[in-house]
Each structure stands twice: as structure tokens, then as C-alpha cells.
Amino acid sequence: MIGAGQAGLATSYWLSRHGVEHQLLERRPELGGAWQDRWDSFYLNTPNCSFLLPELTYDGPEPDAFLPGTR
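By the working numbering, the letter at position 48 of the sequence shown is numbered 187, and the numbering carries on one by one without gaps.
Written out as C-alpha cells, the structure reads:
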């Protein structure tokens, strides 16, 4: 069992590709995890371009910007 954060999703991808049975766990019924507990003005401290998952790339207009924690 692995958590369903960014690292967990990437790990799940590779486990699936290699036929390894596993489960993703998320504490909450909705996506967003701890974001739901943060302030409205909260921003991540890593740039958008760092949020990459296997076989996906960031193609938005602001790769060096920071993702806001909107609700």
C-alpha cells in the first residue's frame, strides 16, 4: 500500500507497468489531501514544472510560477 500523493501516483504507475499488485491509499474521500486544511492564500513552494508524473509533462503557460491552494 502506498499513499496517493505525487510520489505515490508515480510509484503506482511503475508498479502497474511491471504487473505488481498494489493499493493506493488516500485519507480523504476527495482529492486534494492536506490542501483542504490550508489557508486560502497558500501557495506551493515548488514551481509548476516540478509537478511531473510518468509520461506527463507540464504544458501550462507558467512553468516557473507556483500553484495556489485554491479550494
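Even for Gly, the Cβ is constructed at its ideal location relative to N, Cα and C.
Please read these numbers as outputs of a predicted model, since none were measured by experiment.
Minimum C-alpha distance to residue i - residue among the options
i	options	result
Phe190	Pro168, Ser180, Glu201	Glu201
Leu166	Ile141, His157, Ser180	Note that residue 166 is Arg in the sequence shown, not Leu. Ranking the options by Cα distance to Arg166, first place goes to Ile141.
CB of residue i within 7 Å of CB of residue j, strictly
i	j	result
Leu192	Leu148	yes
Asn184	Leu206	no
Straight-line gap, residue i to residue j (C-alpha atoms, nearest Å)
i	j	result
Ala204	Ala143	24 Å
Trp153	Phe181	31 Å
His157	Ser151	10 Å
Tyr197	Gln145	14 Å
Gly199	His161	31 Å
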